[in-house]
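Peer 1: Numbering (the UniProt record's numbering), first residue to last: 1 to 373.
Glycine residues also receive a C-beta, built at the ideal position from the N, C-alpha and C atoms.
Here the structure is a predicted model, which means the values were calculated and not measured.
Below you'll find the structure I mean.
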Amino acid sequence: MAFATGVAVASNYYAQPLLHTIAESLDISFARAGMLVTAAQLSYGLGVILLVPLGDMFERRRLIVVMSLLSAAGLVISALSQQFLWLVVGTALTGLFSVVAQVLVPFAATLARPEERGRVVGVMMSGLLLGILLARTVAGALSSLGDWRTVYWMAAGAMVLTTLALYRTLPRFHEHAGLGYFALLRSIGTLFAQEPVFRLRTLLGALSFAMFAIFWTPLAFLLAAEPYHYSDATIGLFGLVGAAGTLAAGIGGRLSDRGKAGLATTVALVLLAASWLPLGFSAHSLIALLVGVIVLDLAAQLLHVSNQNVVFALRPEARNRLNAGYITGYFIGGALGSLVSAQMYQRFGWTGVCLTGATVAMMALLAWGLRKR
1 MAFATGVAVA SNYYAQPLLH TIAESLDISF ARAGMLVTAA QLSYGLGVIL LVPLGDMFER
61 RRLIVVMSLL SAAGLVISAL SQQFLWLVVG TALTGLFSVV AQVLVPFAAT LARPEERGRV
121 VGVMMSGLLL GILLARTVAG ALSSLGDWRT VYWMAAGAMV LTTLALYRTL PRFHEHAGLG
181 YFALLRSIGT LFAQEPVFRL RTLLGALSFA MFAIFWTPLA FLLAAEPYHY SDATIGLFGL
241 VGAAGTLAAG IGGRLSDRGK AGLATTVALV LLAASWLPLG FSAHSLIALL VGVIVLDLAA
301 QLLHVSNQNV VFALRPEARN RLNAGYITGY FIGGALGSLV SAQMYQRFGW TGVCLTGATV
361 AMMALLAWGL RKR
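What follows is the structure in structure tokens.
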């Protein structure tokens, strides 16, 4: 399940190390190419709010299989596209249905024993983060072997094979919430109104993923330019550096099982803010870039796992809807971060990107500091 989660969510990130190549191939600006990341994040957020609650209505295995196949169809459209518009369409379709990852995560939490739920969620989030980060490495390598369309063909094949494995191995599970579809959607708003912890954790998740996107979206532009001049394959290797963040998933899960999610959150937010200091020197120092990547990804993952464990514990009978609301806010933050960072890089370069990220980090610390109010 963790592997499938990674394969599904990776579909939203293959384009990131290839943005400069896609921009040159389709003769578009860097800022316009960055819209691919925004389209992926917004469609993912839309899919979370509209599709993930279906887990409280339909049999889970069948829902997971259908969504996975539709995500693969979007990858095929992207592979076939000769115009930027069709690439956006394929990206949006893939993003919409790759939210199958967010059906798998609460499904795993439901199947887990209560005393191990934090660790299980940590394992699932490790798979998800590896999918996000290694997608860049895989995309860079495949693009160097073929072209950027090769990446989408291989991703579609991987998605289909993973779907077959899920069909053969997942247990059947059907737990109806007793509500119609539109009542399920309305109930997400009700949960936001009734649960202040839910609101706070969603805000923190949105701000943390905004920082994540602010860094990763324009990174390909930085590394393809002076003084680095890296190839797609080399740029993709930076995903391996960020994969160190998976270590934080297990730590966050264990701390949550011990009732220390608050401590994990504080540490994560401080590290997120601190990461922008070395990242600010990344335009001239590879060592500073590597240190900043590791700290940023460790902190983002630690916060995310802590958030999800706190949210899942609020109302066990509504985990899909809680996850839908949380992840919607999470990816709206990512979409806005991607959009803003591409524009900031176009206008103010890497310094503007880092100042934007540091500002968002301060906002997250302020929100956490004022939580008692």
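Where does the unbroken alpha helix (DSSP H) through A264 begin, and where does it stop?
Peer 2: Your numbering for residue 264 matches position 264 in the sequence shown. From DSSP, the alpha helix (DSSP H) with A264 extends over A261 to L279.
Peer 1: Where do the N-terminal and C-terminal ends of the alpha helix (DSSP H) with A358 fall, by residue?
Peer 2: As a working note, residue 358 is residue 358 in the sequence shown. R319 to G369 is the span of the alpha helix (DSSP H), which, as asked, contains A358.
Peer 1: Quick one: Cα of L255 to Cα of A261, how far?
Peer 2: Start at 1 with the first residue of the sequence shown, and residue 255 comes out as number 255. Start at 1 with the first residue of the sequence shown, and residue 261 comes out as number 261. Computed Cα separation, rounded: 6 Å.
Peer 1: Quick check on Q82: does DSSP put it in helix, strand or coil?
Peer 2: Here the question's residue 82 lines up with position 82 in the sequence shown. Coil.
Peer 1: Among the candidates Y13, L46, V120 and R172, whose CA atom is the shortest distance from the CA of L134?
Peer 2: In the sequence shown, residue 134 corresponds to position 134, counting from 1. Checked all of Y13, L46, V120 and R172; the closest Cα to L134 is Y13.
Peer 1: What separation, rounded to the nearest whole angstrom, lies between the Cα atoms of A342 and A224?
Peer 2: In the sequence shown, counting from the first residue as 1, residue 342 sits at position 342. In the sequence shown, counting from the first residue as 1, residue 224 sits at position 224. So the two alpha carbons sit approximately 15 Å from each other.
Peer 1: Measure from the alpha carbon of L366 to the alpha carbon of each residue in A264, G45 and L207, then state which is nearest.
Peer 2: Within the sequence shown, residue 366 is the residue found at index 366, counting from 1. Closest by alpha carbon: L207.
Peer 1: Can the beta-carbon of Y326 be found less than 7 Å from the beta-carbon of T190?
Peer 2: Taking the first residue of the sequence shown as position 1, residue 326 is located at position 326. Taking the first residue of the sequence shown as position 1, residue 190 is located at position 190. Result no, Cβ atoms of Y326 and T190 do not sit closer than 7 Å.
Peer 1: Run the CB neighbour count on Y181, radius 10 Å, all protein chains shown included, and call it buried at 16 or more, exposed below.
Peer 2: Stepping through the sequence shown from its first residue, residue 181 is reached at position 181. By the 10 Å Cβ count, Y181 comes out exposed.
Peer 1: Beta-carbon separation of G6 and G131 under 7 Å?
Peer 2: Position 6 of the sequence shown, counted from the first residue, corresponds to residue 6. Position 131 of the sequence shown, counted from the first residue, corresponds to residue 131. Yes.
Peer 1: For L128, tell me which candidate among A31, V105, L70 and S43 has the shortest Cα-Cα distance.
Peer 2: On the sequence shown, residue 128 is found 128 positions in, with the first residue counted as 1. Closest by alpha carbon: V105.
Peer 1: Looking only at its own chain, which residues have a Cβ that is under 8 Å from the Cβ of Q83, when we skip the five neighbours before and after it?
Peer 2: Translated into positions along the sequence shown, residue 83 becomes position 83. So the list reads L26, once near-sequence residues are dropped.
Peer 1: Applying the 10 Å Cβ sphere with the 16-neighbour rule, what's the burial state of F3?
Peer 2: Position 3 of the sequence shown, counted from the first residue, corresponds to residue 3. Burial call: exposed.
Peer 1: According to the neighbour-count rule (16 or more other Cβ atoms, all chains shown, within 10 Å of its Cβ), is H174 buried or exposed?
Peer 2: Taking the sequence shown and counting its residues from 1, one reaches residue 174 at position 174. So H174 counts as exposed.
Peer 1: Is H304 buried or exposed, if buried means 16 or more other CB atoms sit within 10 Å of its CB?
Peer 2: Numbered from 1 along the sequence shown, position 304 holds the residue referred to as residue 304. By the 10 Å Cβ count, H304 comes out buried.
Peer 1: Write down every uninterrupted run of the alpha helix (DSSP H) in the stretch 100-169 whose length is 4 residues or greater and which is fully enclosed by it, in chain order.
Peer 2: Counting only runs of 4 or more, we get 101-111, 117-145 and 148-169.
Peer 1: How long is the line joining the alpha carbons of R168 and L111, rounded to whole angstroms?
Peer 2: The residue you call residue 168 lines up with position 168 of the sequence shown. The residue you call residue 111 lines up with position 111 of the sequence shown. If you take the alpha carbons of R168 and L111, they lie about 17 Å apart.
Peer 1: Less than 7 Å separating the beta-carbons of L279 and A299?
Peer 2: For the purposes of this step, residue 279 is taken as residue 279 along the sequence shown, with counting starting at 1. For the purposes of this step, residue 299 is taken as residue 299 along the sequence shown, with counting starting at 1. No, the Cβ-Cβ distance between L279 and A299 is not below 7 Å.
Peer 1: Please classify I287 as buried or exposed, where buried requires at least 16 other C-beta atoms within 10 Å of its C-beta.
Peer 2: In the sequence shown, the residue the question calls residue 287 occupies position 287. Classification for I287: exposed.
Peer 1: Measure the Cβ-Cβ separation of L336 and A210 and say whether it is below 7 Å.
Peer 2: Here residue 336 is taken as the residue at index 336 of the sequence shown, counted from 1. Here residue 210 is taken as the residue at index 210 of the sequence shown, counted from 1. Closer than 7 Å, so yes.
Peer 1: Where does H304 sit, in a helix, a strand or coil, going by DSSP?
Peer 2: Here residue 304 refers to the residue found at position 304 when the sequence shown is read from its first residue. In this structure, H304 counts as helix in the three-state DSSP scheme.
Peer 1: Among residues of its own chain, excluding the 5 on either side of A283, which ones have a beta-carbon nearer than 6 Å to its beta-carbon?
Peer 2: Residue mapping note: residue 283 aligns to position 283 of the sequence shown, counting from 1. Correct list, in chain order: W350.
Peer 1: Following the continuous alpha helix (DSSP H) through G6, name the residue where it begins and the one where it ends.
Peer 2: Stepping through the sequence shown from its first residue, residue 6 is reached at position 6. First-last of the alpha helix (DSSP H) with G6: A2 to A10.
Peer 1: Are the CB atoms of G45 and T328 within a distance shorter than 7 Å?
Peer 2: Start at 1 with the first residue of the sequence shown, and residue 328 comes out as number 328. Start at 1 with the first residue of the sequence shown, and residue 45 comes out as number 45. It is a contact, given that the beta carbons lie within the stated cut-off.
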